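Asks: Have a look at this one before I ask anything.
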Amino acid sequence: MKPFRVVLTFAAALFLAPVLLPGQQPVTDTCVACHSALVDDLQKPATLFKDDIHSSKGLSCADCHGGDRTKDDMSVAMDPAKGFLGKPKRTAIPQLCSRCHSDAKFMGKFRPQPRVDQFTLYKTSIHGKRLATGDENVATCIDCHSVHDIRAVKDPRATVYPLNVPHTCGQCHADSKHMAKYGIPTDQLDKYHTSVHWNALTKGNDLSAPTCASCHGNHGAKPPEVASVSAVCGTCHVSFAQNYDKSIHQPLFSEAPGGGGCVVCHTNHGIQMPSTAMLSGPKAVCTQCHDAASDGGKAAAEMAGWVDGLDAALKRSEGVLMSADKSGMEVSEAQLRLSDGRENLVKAKLAMHTFNPDEMHKPILAGMAIADETLKVGQAALREKNYRRWGLAVSSLLIAITLAAIWFLLRRMEAGGAGYRPASTHAPYR
Amino acid sequence: MTATEIKTKTASWLDERLPLSAIREFLDHKTVPVHSATRWYYFGGITLFLFGVQIVTGLLLMLYYRPTVAESFDSVRFIMTRVQFGWLVRSIHSWSANLLIFVAFVHMFSVAFTHAYRRPRELTWLSGIALLGLMLAFGFSGYLLPWNQISYFATKVGTDVAASTPIVGEALARFLRGGDDVGSATLTRFFAFHVILLPMIAGGLVALHLLLVQTSGMSTPPWIPESRVRQMRFFPNFFLREVMVWYGALAVLGALAAIFPWELGEKADPFASAPKGIRPEWYFLATFYTLKLIPSHVWIFEGEIMGLLGFAVLAVGWALLPFWGVTRAGEARTRVVTGIGVALVSYLITFTILGYYK
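Below is the structure:
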C-alpha cells in the first residue's frame, strides 16, 4: 500500500470512529447547555454549578432535580414522568439532600468514613422542628451551605468555612425583620465580633476557635440548655469546667436566668478576655450578687489582689532577667524557671473557678516563690555585669600602665640608638 | 653566701647542664630588620600568643566540660554560671579562637604581599598554610562542642558539604560524624580531634614553623634594598615591642569577653527544625555563600562538586605560591602575586559580608 493511502485510511478511521462506534460519543448535559444560554436567574445555576463540589464529584443537575439530562427536547428532558422535580419546595429540601447524604453506602464512595447523621440531627434542631410544622422561614441545608455553588467545609470560599460561619448564621439571626416573629435578639453577631473568640479566629488565625456552630451545634442547632452551658464551654475549657462543677456557684448559677453557668459572669456571644477587673472594682461581675463589703466581695477582692500581685512579680522578674540577658549574662535557666511561675499563675486563675480562696492560694504562693527566686538570679546577674565592667576597667588600666612602663623602658634603653645596628655594616650594636 | 654568689653559682650549675650559653649567644646575635613593613612581623607573634591563650583557656575548660550529648550543653552552662570566672575563660576561648583565625589570615596575606615566601622560606610558608588549615579544623570541631542548636545544625551543613566531595565524600562524612548523622559519636570524635589530635599536630607544626623562622631569619620585602635596612636586636628591643602588642591583644580579648560574653544559645534538639538563617562561622561564610550561588548543575557536573573542586584547586594553588610566585632566578613575581592576592582578599571580604547578610 502506498504511504498516501495509509495516511488517508487512518485519517478517515479517526474521523468516522465516533459515528461508527456506538456509545462512544461524549454525553452532553442538556440542563447546563440550555441554562447557560438563558439569562439572569435561569442562567445562574448553570454558571455557579461549575464550581460546586457535586459537579467536581461527577453529579449533575438531574441528580437533585430529576429529569433526563441526555435529551435535547425540553419537554422530554424535564418530563415529570422521568422524575423531574423542578425547584424543590423548601420543606422538601432536607429530605432531598438526605437521599444521598444519609446513605452510608453511597457517601462511602467519596470518603472512607462518611458522616451520614446530618438529617437525623437536623430533625432534632430548632430549624428542623419548625420546618416540620411548615415554617418555611427557617434554615434548611441550602441556607447554610448555599445552593448550586456548594463547597467543601475546608474550602475558604465555603459558607461553612470557620471564618465564614458567623456571617452565614448572621444572615438570618442578625436580620431583625427575619427574626421578628420569633422574638429572639439579633445582636449576637455584633457581640460576637467584639469577643475573644472572634479575635482568636481572625487575628490569632486559630480556625479551631469557637464559632456559632461550636456551641450551638450545626445540623442539630439549638440554644444550649441551662444545665448544659458549662458542659458546652467545658468542651474546650475542660479544667475550668471541672473546677466550676465543684464550686458553690454551680447549683446556684444553674437556675440563673439567661443561660446560667459560665454565662452568668462571662456572658455568651460577647465574651471578653477575662481579667481581675471581673473580680473587684467598678466593672466587677461579683458585685452583681455580692456587696463589696460582704465576705464574698472581700474574698473576690483578695483573689484579684493575689492574681495581680503574682502577675506583677513575674513581670518584674522577667524584665530584670531580660535586661541581664540583653547585656550578655547567662540567665536561661532562670528564664526557664520563670515559665513555671507563669504556669502557677494559670493554675491560680484555674483554681479561682472553685471560688475557694484556699485552693487558689497554693499556686499563688508557689508562683510568688519562683518570682522571688528568679528576681534574685536576675539581680545577681546584673550585679555580676557591673562587677565585670569594673574588672574590665581595672585590668585595662593595669595593662595600660604596663604598656606605658615598657614604652618608657624602651625609650630609655634605646636612647642614642642603642640596640640598633646601622644599615650595611657589621659594626657591633651601640 | 651573698645574693651575687648564689646567682653566679646557680648560673654555672645550669650552664653545665643546659645549653644556656648557646641560647644567650643566639639571642645576642638575632636581629630584626627595621623598615616600613616591619609592623607586619608582629602578626605572626600575635597568632602565636592567641594560640597560647587557646591552650591555657582550653585546658581550664577541660576541667569541667563533659563531651556527651546529655551533658555537654549543661556542662558549658555550668562553666558559664557556676564556675568562678568560668564565663571569662569560655568567652576568651571563643573570642580568641575567632581572633586567632582572623590574625592568621592577616599574617598569611602580609607574608604574601611582602613576598616573604621566597627561597629559602618555602617550607616556612607551607608549614604556615598547614597551620592555618589546622586552625580552621580547630574552629570547625570546637564549634560543635557546646552542643547548642546553631552549632548542631551548622555541623550538619558542614558535614553535608564534606559528603559532596567526589569519590571520598561519603566516607569522609561518615568518618567525621561517626555514623550516618550528627549525633553522640560526632561529639565524641570532634572532642577527640579538638583536644588531642589537632593540638598534637599543631604543636609539632608550630615548633617547626618557629624553627624555620629562626633558621631563615626575617625576610625583607624585595623593594627595600638590603643596604638601607637597619637591624634591631631581637632581645630585648623587638621582644619588648612584641610583649606590648600581646598586652594590647589581651586587653582587646578581655574587653570583648566582658562586654560581649559569648552566648550559649539553646540546647541542640535534633528533632527541631533548623533555626532560621542557619550559617557557619564567619571564616567559612565566603565558601558557603559561593557554594550557594553555584547552580545545581554546571554543564554535566553537579554544581556543588564543581565548587568544591574549584576551592581545592584554589587552595592547592595558593599553598604552592613559593613555587609559581618567583622567577627562575628566584626573584618575586611581585605584580602577579600582589594582583592575585588583592583579588583573593577582595573576594573573601565581599563574599563573607554577602554570606552574612543574605
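Just so you know, the sequences run in chain order A and B. Per our numbering, residue 46 is the first one in the first sequence, and the count goes up by one each step. Per our numbering, residue 209 is the first one in the second sequence, and the count goes up by one each step. Each residue gets a CB set at the ideal place from its N, CA and C atoms; glycine is no exception. All figures in this text were calculated on a predicted structure; none of them were measured in a lab.
Thinking GLY533/B and ALA540/B are a contact (beta carbons under 8 Å), I'd like their distance in whole angstroms, please.
Replies: Right, their Cβ atoms sit about 6 Å apart.
Asks: With 8 Å as the limit, tell me which residues of the segment 413-441 of chain A have their beta carbon closer than that to any beta carbon of chain B; keep them in chain order.
Replies: Answer in chain order: ARG433, ARG434, GLY436, LEU437, SER440 and SER441.
Asks: Using the three-state DSSP reduction, which class does GLU512/B fall into: helix, strand or coil?
Replies: If DSSP states are grouped into helix, strand and coil, GLU512/B belongs with the helices.
Asks: Write down the C-beta distance between HIS311/A and TYR237/A rounded to the nearest angstrom, noting that I regard them as a contact closer than 8 Å.
Replies: With a Cβ gap of about 13 Å, HIS311/A and TYR237/A do not count as contacting.
Asks: I want to verify the contact list: residues of chain B whose CB lies under 8 Å from the CB of SER377/A, in sequence order.
Replies: Those are ARG285, LEU472 and GLU474, listed as they occur along chain B.
Asks: Looking at the C-beta of MET408/B, does it have a partner C-beta in chain A at a distance below 8 Å?
Replies: No - not a single Cβ of chain A is within 8 Å of the one on MET408/B.
Asks: If you draw a straight line from the alpha carbon of PRO71/A to that of LEU104/A, how long is it in whole angstroms?
Replies: Note that PRO71/A has pLDDT 45, beneath the 50 cutoff, so the model's placement of it is unreliable and no number is given.
Asks: Kindly indicate which three-state DSSP category VAL240/B falls into: helix, strand or coil?
Replies: VAL240/B falls in the strand class under three-state DSSP.
Asks: Can you check whether the CB of PRO157/A is closer than 8 Å to the CB of THR185/A?
Replies: Result no, Cβ atoms of THR185/A and PRO157/A do not sit closer than 8 Å.
Asks: For ARG285/B, count the other beta carbons within 10 Å of its own beta carbon; 16 or more makes it buried, fewer makes it exposed. Which is it?
Replies: It counts as buried.
Asks: How big is the Cα-Cα spacing for VAL314/B and ARG536/B?
Replies: Those two C-alpha atoms are separated by around 28 Å.
Asks: How big is the Cα-Cα spacing for VAL198/A and LYS392/A?
Replies: Distance between the alpha carbons of VAL198/A and LYS392/A: 36 Å.
Asks: Who are the Cβ neighbours of ASP113/A in its own chain at under 6 Å, not counting the five residues just before and after it?
Replies: Here the set comprises ALA122 and LYS127.
Asks: Using a Cβ-Cβ cut-off of less than 8 Å, give me the residues of the segment 433-458 of chain B that come near chain A, in sequence order.
Replies: Listed by position along the chain: GLU434, SER435, ARG436, VAL437, ARG438, GLN439, MET440, ARG441, PRO444, ASN445, LEU448, ARG449, VAL451, MET452, TYR455, GLY456 and LEU458.
Asks: Quick check on the burial criterion: 16 or more other C-beta atoms within 10 angstroms. Buried or exposed for PHE155/A?
Replies: Result: exposed.
Asks: Is it the case that the Cβ atoms of TRP303/B and PRO530/B are separated by a distance below 8 Å?
Replies: Against a cut-off of 8 Å, the Cβ pair of PRO530/B and TRP303/B comes out as no contact.
Asks: Would you mind reading off the limits of the beta strand (DSSP E) that contains ARG438/B?
Replies: Run containing ARG438/B: 438-441, per the beta strand (DSSP E) assignment.
Asks: Taking the straight line between their C-alpha atoms, what separation do you get for TYR289/A and THR256/A?
Replies: Cα-Cα distance, rounded: 23 Å.
Asks: Can you tell me the Cα-Cα spacing of PRO296/A and ILE358/B, whole angstroms?
Replies: Their Cα atoms are separated by approximately 56 Å.
Asks: Would you report the Cα separation of ILE561/B and ARG487/B, rounded to the nearest angstrom?
Replies: Computed Cα separation, rounded: 12 Å.
Asks: Between PRO430/B and chain A, is any beta-carbon pair separated by less than 8 Å?
Replies: No, PRO430/B lies away from the interface with chain A (no Cβ there is under 8 Å from its Cβ).
Asks: According to DSSP, which residues form a beta bridge with HIS505/B?
Replies: DSSP, once it has assigned bridges, lists GLU510/B as partnering HIS505/B.
Asks: For THR239/B, go through chain A and note every residue whose CB falls closer than 7 Å to its CB, in chain order.
Replies: What THR239/B touches in chain A: ARG466.
Asks: Just reading off the alpha helix (DSSP H) that GLY292/B is part of, what are its end residues?
Replies: First, the residue type needs correcting, since residue 292/B is Gln and not Gly in the sequence shown. First-last for GLN292/B: undefined, no H or E at that position.
Asks: Given a threshold of 16 other Cβ atoms within 10 Å of its Cβ, counted over all protein chains shown, does ALA449/A qualify as buried or as exposed?
Replies: ALA449/A is exposed by the Cβ-count criterion.
Asks: For MET367/A, count the other beta carbons within 10 Å of its own beta carbon; 16 or more makes it buried, fewer makes it exposed. Which is it?
Replies: Label assigned to MET367/A: exposed.
Asks: In the segment 222-248 of chain B, which residues sit with their C-beta less than 8 Å from some C-beta in chain A, listed in chain order?
Replies: Within the segment 222-248 of chain B, the qualifying residues are THR239 and VAL242.
Asks: Around the Cβ of SER170/A, are there at least 16 other Cβ atoms within 10 angstroms (buried) or fewer (exposed)?
Replies: Classification of SER170/A: buried, given that the 10 Å Cβ count is 16 or more.
Asks: Just checking my contact of VAL403/B with THR363/B at CB under 8 Å: how many whole Å lie between their CB atoms?
Replies: About 17 Å; that fails the 8 Å criterion.
Asks: Closer than 8 Å by C-beta to LEU176/A: which residues in its own chain qualify, once you throw out the five before and the five after it? Chain order, please.
Replies: Closer than 8 Å at Cβ, skipping near neighbours: ARG135, THR136, PRO139, VAL183 and THR185.
Asks: Chain B beta carbons: is any one of them nearer than 8 Å to that of LEU448/A?
Replies: At least one chain B Cβ lies under 8 Å of LEU448/A.
Asks: Since THR231/A contacts HIS212/A with CB under 8 Å, what's their CB separation in whole angstroms?
Replies: Actually they are not in contact, since the Cβ atoms of THR231/A and HIS212/A sit about 14 Å apart, beyond 8 Å.
Asks: Reducing DSSP to helix, strand and coil, say where ARG466/A ends up.
Replies: DSSP places ARG466/A in strand when its eight states are reduced to three.
Asks: Tell me which residue opens and which closes the alpha helix (DSSP H) that TRP454/B is part of.
Replies: From DSSP, the alpha helix (DSSP H) with TRP454/B extends over 447-467.
Asks: Determine, using beta carbons only, whether PRO469/B comes closer than 8 Å to chain A.
Replies: Judged by the 8 Å Cβ criterion, PRO469/B is in contact with chain A.
Asks: For LEU499/B, count neighbouring Cβ atoms within 10 angstroms of its own Cβ and tell me buried if that reaches 16, exposed if not.
Replies: So LEU499/B counts as buried.
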